[in-house]
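Input: a single structure, listed below in structure tokens.
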Amino acid sequence: MARTTPGVTRRRILDEAVHLFATRGYDATSVADIQAACGLNPGSGALYKHFPSKAALLEAAVHDNLTRLTTHTAETADPHLPDDPREALRVLADVVWTFMAADRDLIRLMIREFTGFPELFERMWQGVVATVYRRGTEWITTLRDQGRTPVTDPEATAAVLVASLTYYPILDVLIGHTPGDLAPDRFLAAWLDSSVAALDLRDRGPIR
-3 MARTTPGVTR RRILDEAVHL FATRGYDATS VADIQAACGL NPGSGALYKH
47 FPSKAALLEA AVHDNLTRLT THTAETADPH LPDDPREALR VLADVVWTFM
97 AADRDLIRLM IREFTGFPEL FERMWQGVVA TVYRRGTEWI TTLRDQGRTP
147 VTDPEATAAV LVASLTYYPI LDVLIGHTPG DLAPDRFLAA WLDSSVAALD
197 LRDRGPIR
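Here our numbering is used: the first residue of the sequence shown is -3, the next is one more, and so on.
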């Protein structure tokens, strides 16, 4: 495990690197920039005592955040959703938005630098985002099998519902605006209404 200079924690180095990569871009951020942001002498090369390269630092940052977010997603994407469909949808929405809000810099970095590090970010996708899509698919499949919804393609329906949720925080992260400049409570209320209508659950009662 890499050791850190006294007063500069490994977490701080990773967080400062992710922030700079996300705001300036990976190529435009130098090792000296990261060292300066951490309070290290920019010309000392001290960061190399902790990470062998800038690419290794990026990989460590994504890995650390992926581990944290995967653990959180696994804990919050509990298989025992509320019986009331609208409340179950609210829980799923909370899982998605909590994940997206957990590290805005990492989300921005993933979008901005994906083409340069596809395998690295693919692991993040499979470890976190795909879990949420899978959970939504399983839930809608259960509703269909119980005769609670006439949806014929649970996987595609889950993809549409989750994608519409992720668009809100992604737009906010990228340009500082939300769809229609709506506050989150208004967007969520409308999303819940449209999701319930799309699943045709309005008069079907709780899941048993």
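Here a beta-carbon is modelled for each residue, glycine too, at the ideal position from N, C-alpha and C.
Notebook entry, point to check: Using a Cβ-Cβ cut-off of 8 Å (strictly less than) and excluding sequence neighbours within five positions of Leu116, which residues of its own chain qualify?
Noted result: Along the sequence shown, one-based indexing puts residue 116 at 120. Correct list, in chain order: Leu54, Glu55 and Val58.
Margin query: Helix, strand or coil, according to DSSP, for Asn37 in the structure here?
Written below: Counted from its first residue, the sequence shown places residue 37 at position 41. DSSP places Asn37 in coil when its eight states are reduced to three.
Next item on the list: Kindly give me the distance between the Cβ atoms of Leu167 and Thr174, rounded to whole angstroms, as I take these residues to be in contact under 8 Å.
Entry: Numbered from 1 along the sequence shown, position 171 holds the residue referred to as residue 167. Numbered from 1 along the sequence shown, position 178 holds the residue referred to as residue 174. 6 Å between Cβ atoms; contact.
Note to self: Using only the alpha-carbon positions, how far apart do Leu170 and Ala186 sit?
What the structure shows: For the purposes of this step, residue 170 is taken as the residue at position 174 of the sequence shown. For the purposes of this step, residue 186 is taken as the residue at position 190 of the sequence shown. Rounded to whole angstroms, Leu170 to Ala186 spans 22 Å at the Cα level.
Next item on the list: Return helix, strand or coil for Gly172, following the three-state DSSP convention.
Entry: As a working mapping, residue 172 is identified with position 176 in the sequence shown. Three-state result, Gly172: coil.
Note to self: I'd like the list of long-range same chain contacts for Ala13, defined as Cβ closer than 6 Å, with 5 residues on each side in sequence excluded.
What the structure shows: Stepping through the sequence shown from its first residue, residue 13 is reached at position 17. Answer for Ala13: Ile30, Leu53 and Ala57, listed in chain order.
Item checked: Spatial neighbours of Leu16 in its chain, beta-carbon cut-off 7 Å, leaving aside the 5 residues before and after -> Your numbering for residue 16 matches position 20 in the sequence shown. If we look at Leu16 and ignore the five residues flanking it on each side, its Cβ neighbours are Thr25, Asp29, Ile30 and Ala33.
Check: Excluding the five sequence neighbours on either side, which residues of its own chain have a C-beta within less than 7 Å of the C-beta of Ala155, listed in chain order?
Finding: Within the sequence shown, the letter at position 159 stands for residue 155. So the list reads Tyr129, once near-sequence residues are dropped.
Next item on the list: Look up Pro285 in the DSSP assignment and say whether it is helix, strand or coil.
Entry: Any answer about residue 285 is impossible in this case: the structure gives the chain only from -3 up to 204.
Check: Quick one: is Asp136 buried, meaning 16 or more other Cβ sit within 10 Å of its Cβ, or exposed?
Finding: Stepping through the sequence shown from its first residue, residue 136 is reached at position 140. Sequence check: residue 136 is Ile here, not Asp. So Ile136 ends up on the buried side.
Notebook entry, point to check: Between Asp196 and the rest of its own chain, which residues show a CB-CB distance below 6 Å, the 5 nearest in sequence each way excluded?
Noted result: Taking the sequence shown and counting its residues from 1, one reaches residue 196 at position 200. For Asp196, where only same-chain residues beyond five positions count, the Cβ hits under 6 Å are Thr145 and Pro146.
Next item on the list: Just mark Glu118 as buried or exposed, buried being the case when its beta carbon has 16 or more other beta carbons within 10 Å.
Entry: Working through the sequence shown from its first residue, we reach residue 118 at position 122. Glu118 is exposed by the Cβ-count criterion.
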